[in-house]
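One structure is given here, and the rest of the page talks about it.
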Amino acid sequence: MTGGVNAVALAVFALFFLLVTVMGFLAARWRKPGDEYTLDEWGLGGRSFGTWITWFLLGGDVYTAYTFVAVPAAIYATGAAGFFAVPYTILVYPLIFTFLPRLWSVCHRHGYVTTADFVRGRFGSKGLSLAVAFTGILATMPYIALQLVGIQAVLDVLGVGGGENTNWFIKDLPLLIAFGVLAAYTYSSGLRAPAMIAFVKDTLIYLVIVVAIIYIPIKLGGFDDIFAKASEAYSQTNPATGKPRGALVSAPNAQWTYATLALGSAMAMFMYPHSITATLSSRSRDVIRRSTTVMPLYTLMLGLLALLGFMAIAAGVKVTNGQLAIPQLFEDMFPAWFAGVAFAAIGIGALVPAAIMSIAAANLFTRNIYKDFIKPDATPAQETKVSKLVSLLVKVGALAFVLTMDKTVAINFQLLGGIWILQTFPALVGGLFTRWFHRWALLAGWAVGMIYGTLAAYGVTSPTQQHFGGSAKEIPGIGEIGYIGLTAFILNVAVTVVLTFVLKAAKAPEGIDVTSSGDYTADAAQAKATAAPTLRPGTSPAPNPS
């Protein structure tokens, strides 16, 4: 690190930060609703967004500060293993094209705001709904924290806040200010704020990636030299492990890990509540289809972004925390003014998803804990007020994580969140296509997957962590190292299927399914024409025999 404050880069960064702050507050007036005191309006933007807004919003969800900081940082640290994020974003789009339109239709028809709303309506089980809501909140918390870590990485490289010996309040003051602004405009404008800011965020990201992938290799002598220097660096022994630092090409003994992590991550990506929140904010199922068909443009960007990890090695970037590698690369290689643009792209790339994530977690608490178990007669205005307050608390929890824990654990805790959220796949995606699974079997399968996944991850060590040091472990019965989340998911499904047979044979009572087959293919006009106010969560419409 160069030390000192990069005044020019800081000024450019501050200018863009001020711009998105103003946009965040003005978003409250954008498409201003007649009744803003409902979760449909505050938490889903009135369910009114078209193709491009939905595309930018989904991109803001999926391609976060984790993308900009952690993916190339993983490649900087270990090499080819960090590329798992590229194939999983290729696998995910055909998957979501099959089930997101169905989810949109049934949620639009019944006024569902969260995935747990749908699970409760489909299986008639508050317990299963609570499990889905709890998992969503739990998995989202470290994800929000990782966005704040991304902002802090930029501030560290900019030299803002003083050194390690500076008073903690002064040192963390810039992050506290950024957090305060994020909390304020999210509270004020709801989902409209990140939807509007996502335009700026994605424009900056594409600009920075295109410039970086052309400009930096020219300065470093071309990709041949970059890959040669990276290969040499990876062959050196890591003193902490006694093994080579990494590999330019994934070794045969790492292929199970790579493949299972890519597949499991693809399955988990759209189980996260913030991804569903962006989906449900669109105005029609055709919008979902069109948005998902152009989402692979982000995968192209991600592949180019990942190469920055190799460039950081070739440029001689030396950092003790790998998450600083790419911000430091930008400061070292770019003119100061464009470094500020790049830092703004990372910072705003953290603000957008952090806002959506906090809204999604708050909606889960409000609809599936507060309304279902604490105040069943809560009015829409009361729901909105609670959701706004909880969105603040969620961000405070994430901030506490960032300020009190070692920053190097943030990525591993986010990977642990992926293990957890994957366990909701059978109830959510399975429920969209079949009612065969028994609600108690789904709950038991979820519990087995959660317990196994957590315990297995707890036993993984790394040079910097005694527990939760990674997300890969030996697969029982196979002997290969694989993604813990996928192993837990297979156990989850096995328990669910076996117990469903047992419970159906024992004629155990099944919950009431309030949905019908037509709900899963209805478009906006049909949903409006047939939707009944009694179909909101917490009501008891006539059962459907399907």
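Every number in this note's numbering is 4 more than the matching position in the sequence shown, counting from 1.
Ideal Cβ placement from N, Cα and C applies to all residues, glycine included.
In terms of residues, what are the limits of the beta strand (DSSP E) holding residue i?
i    : result
A258 : Unbroken run through A258: none, as it is neither H nor E.
A492 : Looking at the DSSP string, A492 is not in any beta strand (DSSP E); the run it does join, the alpha helix (DSSP H), is 488-509.
A319 : Run containing A319: none; DSSP gives neither H nor E here.
Give the straight-line distance between the Cα atoms of residue i and residue j, rounded to the nearest whole angstrom.
i    : j    : result
F437 : M454 : 23 Å
V24  : A354 : 12 Å
L503 : F138 : 22 Å
V153 : T491 : 29 Å
N372 : P105 : 23 Å
K399 : T71  : 20 Å
T93  : V518 : 34 Å
Y3   : T303 : Outside the shown range of the chain, which is 5 to 550, sits residue 3, and nothing can be said about it.
G8   : I352 : 23 Å
M27  : I363 : 18 Å
F338 : P430 : 47 Å
K389 : A509 : 45 Å
V497 : G449 : 6 Å
N257 : A512 : 46 Å
L179 : D160 : 10 Å
V323 : G522 : 56 Å
V3   : V158 : Since the first and last residues shown for the chain are 5 and 550, residue 3 lies out of range.
H278 : S395 : 12 Å
W34  : I280 : 22 Å
I485 : T261 : 6 Å
Going by CA-CA distance only, name the one from the options that's closest to residue i.
i    : options                : result
A69  : P146, K130, A244       : P146
S129 : S520, D523, A526, G515 : G515
L162 : H471, T468, F334       : F334
D290 : F53, G140, E45         : F53
L30  : P513, Y191, L180       : Y191
L19  : D65, I280, D336, V345  : V345
L265 : L426, E45, D527        : L426
A270 : V204, P221, Y487, L301 : Y487
F21  : A78, A135, L186, W46   : L186
T1   : L132, V75, G49         : With the chain running from 5 to 550 in the structure shown, residue 1 is simply not present.
V12  : F342, T458, A349, L446 : F342
G307 : I79, G463, I181        : I79
L393 : I280, L211, F505, A366 : A366
H471 : P480, G457, G481       : G457
S239 : L132, P221, A84        : A84
F122 : D228, E236, M275, S391 : M275
G86  : A526, D527, S475       : S475
L419 : T428, M273, V501       : M273
A359 : I494, S193, R293, I209 : S193
In chain order, what residues of the same chain lie with their CB nearer than 6 Å to the CB of residue i, ignoring the 5 residues before and after it?
i    : result
R540 : Annotation note: pLDDT 45 at R540 (below 50); position unreliable, no value reported.
D376 : K130
D206 : F60, G63
Y67  : Y302
A460 : K477, I488
T465 : G473
Does residue i come out as helix, strand or coil in the three-state DSSP assignment?
i    : result
A282 : helix
A339 : Residue identity check: residue 339 is Pro in the sequence provided, not Ala. Of the three classes helix, strand and coil, the one that applies to P339 here is coil, per DSSP.
A476 : strand
G8   : coil
N416 : helix
T245 : coil
I485 : strand
P549 : Unreliable positioning characterises P549 in this predicted model, as indicated by a pLDDT of 35, which lies under 50. A coordinate reading is not provided.
A329 : helix
A251 : strand
Starting from the C-beta of residue i, find all residues in its chain whose C-beta is less than 7 Å away, skip the five residues before and the five after it, and write them out in chain order.
i    : result
T245 : P467
I57  : A199
L403 : L152, F183
A234 : L252, F314, I317, A318
A188 : none
V90  : T303, L306, G307, A310
Can you tell me where the alpha helix (DSSP H) with residue i in it begins and where it stops?
i    : result
L14  : 11-30
V406 : 384-408
A78  : 75-82
M200 : 196-224
W108 : 89-114
D527 : Note, D527: premise wrong, no alpha helix (DSSP H); not H, not E.
I148 : 130-162
E45  : 43-46
A232 : 227-239
F437 : 429-437
G64  : 55-66
I455 : 443-462
Starting from the C-beta of residue i, find all residues in its chain whose C-beta is less than 8 Å away, skip the five residues before and the five after it, and write them out in chain order.
i   : result
R51 : D44, H112, L284, S285, S286, R287
So with Cβ pairs under 9 Å, would you call residue i a contact of chain B?
i   : result
P98 : Chain labels in this structure do not include chain B; a single protein chain is all it has.
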